[in-house]
Every structure is written in C-alpha cells, then in structure tokens.
Amino acid sequence: MKNVIEIDVFEEKEFFETYNKKLVAVSLINYLVDQTPNFKNKETLKIKINSKLTSDIDFEKIIVEGLKNKYQKSYQNHFRNTIIQLIYLLVGVLIIFASTLIKGEVFREVILICGWVLIWATVELEIFSDIEGRKRRKKLKRLIDSEFIINRIN
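In the numbering used here, the protein residues as written are 36 to 189.
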C-alpha cells in the first residue's frame with residue numbers, strides 16, 4: 036500500500052534518542068517525514084510499527100510528541116524567516132530611497148545595487164526556504180494525524 040509507512044523497531048536504541056530515553060530518535064522522525072508521500076487531503080496515512088521489544092512502550096504517544104516538537108520548531112523557523120524578510124525588505128527600500136539622494140553617479144549605483152540585493156534576498160527566502168518549510172510542516176501535520184498500527188513480533 037502506498038499510504039502505509041512501515042517501521043521495524045528491534046532494539047530500543049533504534050527508537051529512542053541516545054541521551055534521553057523519553058524522546059524519539061531524530062533519525063526516525065526524519066525518516067517518517069522523508070517517507071511521507073505527497074497525496075490529496077482526503078487520503079489517510081497509516082504508520083505500521085513492527086516491534087520485537089518486550090516492554091510496553093507507547094510508540095504512538097512518543098512519536099506524536101516528537102512530531103509535534105519538530106512541527107513547533109519548523110513553525111518557529113518560519114516565523115524567524117518572516118521577520119528576516121521584513122527587515123531585508125524595509126532596509127532594501129530605505130537603501131534604494133537613499134540612493135536617490137546621493138550625488139555621486141558611481142556611489143549611487145553601488146548603493147542602489149545593494150538595496151536590490153536585499154530585496155532579492157527577501158524573495159529568495161520566500162521561494163526556497165518558506166516553500167520547503169511549508170511542505171515539511173504539511174507532512175508533519177499529516178503524520179501527527181495519521182493512524183498508528185502496532186504489531187508486536189515475538
């Protein structure tokens with residue numbers, strides 16, 4: 036099935052973070068995000084966990100908590116990028132305006148180019164960083180809302 040992501044957990048070190056046994060491994064979260072297909076909103080995603088661990092680990096709770104933490108960090112990164120874009124845009128516009136007040140021809144052109152570079156940096160952040168972050172947050176949200184199937188293997 037295309038909408039099922041299977042995870043095999045045979046040892047605790049594969050599932051938990053190395054230095055904190057209460058957190059899911061970052062590599063597992065990244066694997067889930069990478070394996071999440073792009074599909075329409077009405078389709079559901081299932082995460083099937085095959086485990087040989089004998090202890091009663093609440094896989095779903097720990098994974099969802101890790102996914103929510105990643106989503107929150109991604110959202111904070113988006114907010115930071117938005118602030119940076121606003122600053123670049125305002126400074127770029129001010130520099131372009133300041134270039135009109137300068138008398139020297141060469142110096143005015145250099146200042147004008149600097150203003151346009153800052154404005155282009157704003158556009159570049161929107162095109163590359165924000166679009167990728169939006170896709171990642173959408174996948175994380177889909178993973179948080181997905182159905183978990185736990186298969187205990189003896």
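Note that the Cβ used here is the ideal one computed from N, Cα and C, for glycine as well.
For clarity, every value in this text was computed on a predicted model and none was experimentally measured.
query                                                                                                          : result
Sequence-distant residues of the same chain with beta carbon closer than 8 Å to Val128, five excluded per side : Gly150, Ile154
One or two residues paired with Phe94 in a DSSP bridge                                                         : DSSP lists no partner for Phe94.
Separation of Ile166 from Phe132, as counted between CA atoms                                                  : 30 Å
Helix, strand or coil at Phe45 [DSSP, three-state]                                                             : coil
Cβ separation of Glu52 and Val59, assumed to be a contact under 8 Å, to the nearest whole Å                    : 7 Å
Whole-angstrom C-beta distance between Ser86 and Arg179, which should lie under 8 Å                            : In the sequence under discussion, the amino acid at residue 179 is Ile, which differs from the Arg named in the question. Ile179 to Ser86, Cβ: 20 Å. No contact.
Classification of Thr79 by the beta-carbon crowding that lies within 10 angstroms, buried from 16 upward       : exposed
Helix, strand or coil at Lys103 [DSSP, three-state]                                                            : helix
Interface flag, Glu47 vs chain C, CB-CB below 8 Å                                                              : In summary, chain C is missing from the structure at hand, where a single protein chain is found.
With 16 other Cβ atoms within 10 Å as the buried cut-off, status of Asp43                                      : exposed
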